[in-house]
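**Q** Residue 194 is where the sequence shown starts when you use our numbering, and the numbers rise one by one after that.
Even for Gly, the Cβ is constructed at its ideal location relative to N, Cα and C.
The structure that follows is given in the form of structure tokens.
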Amino acid sequence: MEQLVDQIMNNSPRKLIIAGNWKMNTTSTDAVELASVVNQEVGLLTDVSVVLCPPFTALERVASVIEDSNIRLGAQNFHPEASGAYTGEISAAMLRHLFCSFVIVGHSERRSLFRESDDFINQKIRAALDGYLKPILCVGETLEEREGDKTLQVVEQQIGVGLTQVKDVVGDELVIAYEPVWAIGTGKTATPEMAQEIHCAIRKMLGAIFEPGVAARIRILYGGSMRPENAPDLLDQPDIDGGLIGGASLEARSFNRLVQIAHQKAV
Ligand code: PGA
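Here it is, written out as structure tokens:
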């Protein structure tokens, strides 16, 4: 039985995702420029899922830049309630209305700077799925946790609580991003072997929550200083299904290069 599960887990082809998380960068004018160059160069690829996550203020204009392409739009955050007195917040329905298909949930900056808890993140995951948005659930350990040998424990807690009562996802609706906090924006990257070890452990955790076929279809992205120089080796790993890219997504040239690297792996 275990062998069969491993076989299903290993044989399922997963389309790589290259997602750009622009964070709090770009005015809507800058965003249109950046999205236009990405669109011209990689907008028609079909074997890689390219996702752009601009700030809220640029979503509508970026949506019109990419409307005839295969690029998908994502938001960086949202609020799990459907509507109401939540000053400053944005709902899933508002994002869908702007043609968003993805939303980043539980990014480490939101966990640490805005005190988002695993329970709140779980509410968002469920609200995203209910609202027809594909959540990209971010997990990952701090340097202190890694040095204290707590990486797996931390990730297991983030996955376990984050995905409470999320049984009926069909597979590619849910995306996980493993982002070691010490590698985000620091220029330090996990080695391909370090990342693969955690990605493989995450897939096993998913296997304990979902049917094996579903766990096999969920894409697990790596994030944390992924660049064209280190991407080929990271993307060679069997459980690394793409990247969530911060810094290198702000320049069309490096982002497009990352998409091309993923494309080479797919052909
Ligand atoms: P980075 O950011 O690529 O700049 O390290 C990744 C992220 O925060 O998603």
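Per DSSP, Ile438 forms a beta bridge with which residues?
**A** Beta-bridge pairing links Ile438 to Gly213.
**Q** Mind checking whether Trp375 and Leu336 have CB atoms under 9 Å apart?
**A** Yes.
**Q** Tell me Val243's beta-bridge partners as DSSP assigns them.
**A** Paired residue(s): Ile211.
**Q** So, helix, strand or coil for Ser305, using DSSP?
**A** Three-state DSSP puts Ser305 in a helix.
**Q** Does the beta-carbon of Phe307 have 16 or more other beta-carbons within 10 angstroms, so that it is buried, or is it exposed?
**A** So Phe307 ends up on the exposed side.
**Q** Quick check: the Cα distance between Ala321 and Glu422, rounded to an integer number of angstroms?
**A** Near 33 Å, if we compare the C-alpha coordinates of Glu422 and Ala321.
**Q** Comparing alpha-carbon positions, which option in Leu451, Leu427, Leu428 and Ala370 lies nearest His300?
**A** Cα-wise, what sits closest to His300 is Ala370.
**Q** When you compare each of Ala285, Ile454 and Gly417 to Asp429 by their alpha carbons, which one comes out closest?
**A** Per the Cα distances, Ile454.
**Q** Kindly list the residues whose CB is nearer than 6 Å to the CB of Ser229, restricted to its own chain and excluding five residues on each side of it in sequence; keep chain order.
**A** Within the same chain, Ser229 has close Cβ partners Val258.
**Q** For the alpha helix (DSSP H) containing Val452, list its first residue and its last residue.
**A** Residues Ala445 to Ala459.
**Q** Rounding to the nearest angstrom, what Cα-Cα distance links Arg319 and Phe271 in this structure?
**A** Cα to Cα, Arg319 sits roughly 12 Å from Phe271.
**Q** Nearest to Leu266 by alpha carbon, out of Ala424, Val296, Leu414 and Gly435?
**A** Per the Cα distances, Val296.
**Q** So, are the CB atoms of Ile211 and Val243 less than 9 Å apart?
**A** Cβ atoms of Ile211 and Val243: closer than 9 Å.
**Q** Under the criterion of a Cβ to heavy atom distance below 8 Å, does Gly299 qualify as lining the ligand PGA?
**A** No, the ligand PGA has no heavy atom inside 8 Å of this Cβ.
**Q** Under the DSSP definition of a beta bridge, which residues are partnered with Ala409?
**A** For Ala409, which the question treats as bridged, DSSP gives no partner whatsoever.
**Q** For Ser418, count neighbouring C-beta atoms within 10 Å of its own C-beta (all shown protein chains included) and say buried if the count is 16 or more, exposed if not.
**A** When all chains shown are included, Ser418 counts as buried.
**Q** Below 8 Å, is the gap between the Cβ of Ile210 and the nearest heavy atom of the ligand PGA?
**A** Because no heavy atom of the ligand PGA lies under 8 Å away, the Cβ of Ile210 does not count as near it: no.
**Q** Spell out the partners DSSP gives Pro328 in its beta bridges.
**A** Its beta-bridge partners are Val296.
**Q** Taking the straight line between their C-alpha atoms, what separation do you get for His456 and Asp434?
**A** For His456 and Asp434, the distance between alpha carbons rounds to 12 Å.
**Q** Exposed or buried, which one is Pro431 when buried takes at least 16 other CB atoms within 10 Å?
**A** Classification for Pro431: exposed.
**Q** Taking 8 Å as the cut-off, is the CB of Lys216 close to at least one heavy atom of the ligand PGA?
**A** At least one heavy atom of the ligand PGA is nearer than 8 Å to the Cβ of Lys216, so yes.
**Q** So for Ile433, helix, strand or coil by DSSP?
**A** Ile433 falls in the coil class under three-state DSSP.
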